[in-house]
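S.K.: In this note's numbering, the protein residues as written are 3 to 207.
Structure provided below as structure tokens; questions to follow.
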């Protein structure tokens, strides 16, 4: 955990590999009254609405990512998840804009701490901006089954995403809290409530 001024709202990063269930964890925190910001959604909105991002993305990845004047996010993702180099290129364009949006949102919050949900929090170096980081874990076979059962990704696209995300060992190195999300919902709720108690004792004063 990083040192912080007690008057500030603490930033708690929440991350995990595709299919780990981090969005489910974020939803549970939200139901407990904790403000949650989904940086993946922020990034999607920037791609859709930010002209500077549009220009930079088209310049970097070509007009093939366009449907008319709009960026096709699936086509962009297919290109960017084809290699780490292209993923890093995408992140270099989007992340400064995402951090700016995050900072503006945080300034409006009054809670002792907030959850900042992001798929590539560690890969982007965003964990260094956090006061603590929660990592959601699940075995790759479980994650694959979850993703494919929801029809979100094919096996090939799942593997591409896994290959450009960091591994569990690296996530553990940066985790202040880990959640092993392979049990029932009651167990998951209990883990989150325990973490919430620890976070309130650390940042709730």
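Note that beta-carbon positions come from the ideal geometry of N, C-alpha and C, so glycine has one too.
Is the region 107 to 121 touching the region 11 to 20, taking contact as three or more C-beta pairs under 8 angstroms?
M.R.: yes
S.K.: Taking 8 angstroms as the limit between beta carbons, can you name the residues of its chain near residue 42, skipping five residues before and five after?
M.R.: 119, 120 and 121
S.K.: Beta-carbon within less than 7 angstroms of residue 199's beta-carbon, same chain only, minus the 5 sequence neighbours each way: which residues are those?
M.R.: So the list is empty, once near-sequence residues are dropped.
S.K.: When we look at the beta-carbon of residue 158 and count the other beta-carbons within 10 Å, is it buried (16 or more) or exposed?
M.R.: exposed
S.K.: Residue 54 by DSSP, collapsed to three states: which one?
M.R.: helix
S.K.: Does the structure place the region 183 to 191 close enough to the region 135 to 153 that three or more beta carbon pairs sit under 8 angstroms?
M.R.: yes
S.K.: For residue 153 and residue 21, I'd like the C-alpha separation in whole angstroms.
M.R.: Their Cα atoms are separated by approximately 12 angstroms.
S.K.: Please state whether DSSP places residue 104 in a helix, a strand or coil.
M.R.: helix
S.K.: Specify, as a first and last residue, the run of the alpha helix (DSSP H) that residue 70 falls within.
M.R.: Per DSSP, residue 70 belongs to no alpha helix (DSSP H) and is neither H nor E.
S.K.: Quick check on this structure: which residue in 45, 165 and 129 has the alpha carbon closest to the alpha carbon of residue 84?
M.R.: 165
S.K.: Using DSSP bridges, identify the partner residues of residue 181.
M.R.: 138
S.K.: Which residues mark the beginning and the end of the beta strand (DSSP E) in which residue 199 is found?
M.R.: First-last for residue 199: 187 to 205, but that is the alpha helix (DSSP H), not the beta strand (DSSP E).
S.K.: DSSP state of residue 119, grouped into three classes?
M.R.: strand
S.K.: If you draw a straight line from the alpha carbon of residue 104 to that of residue 188, how long is it in whole angstroms?
M.R.: When rounded, the distance between both Cα atoms is 31 angstroms.
S.K.: Counting along the chain, where does the alpha helix (DSSP H) carrying residue 158 start and finish?
M.R.: 157 to 166
S.K.: Taking the beta carbon of residue 5 as the centre, do at least 16 other beta carbons fall within 10 Å, making it buried, or is it exposed?
M.R.: With a pLDDT of 44 at residue 5, under the threshold of 50, the predicted position of this residue should be treated as unreliable, though the coordinate-derived value follows. Exposed, by the Cβ-count rule.
S.K.: At what residues does the alpha helix (DSSP H) containing residue 27 begin and finish?
M.R.: 24 to 33
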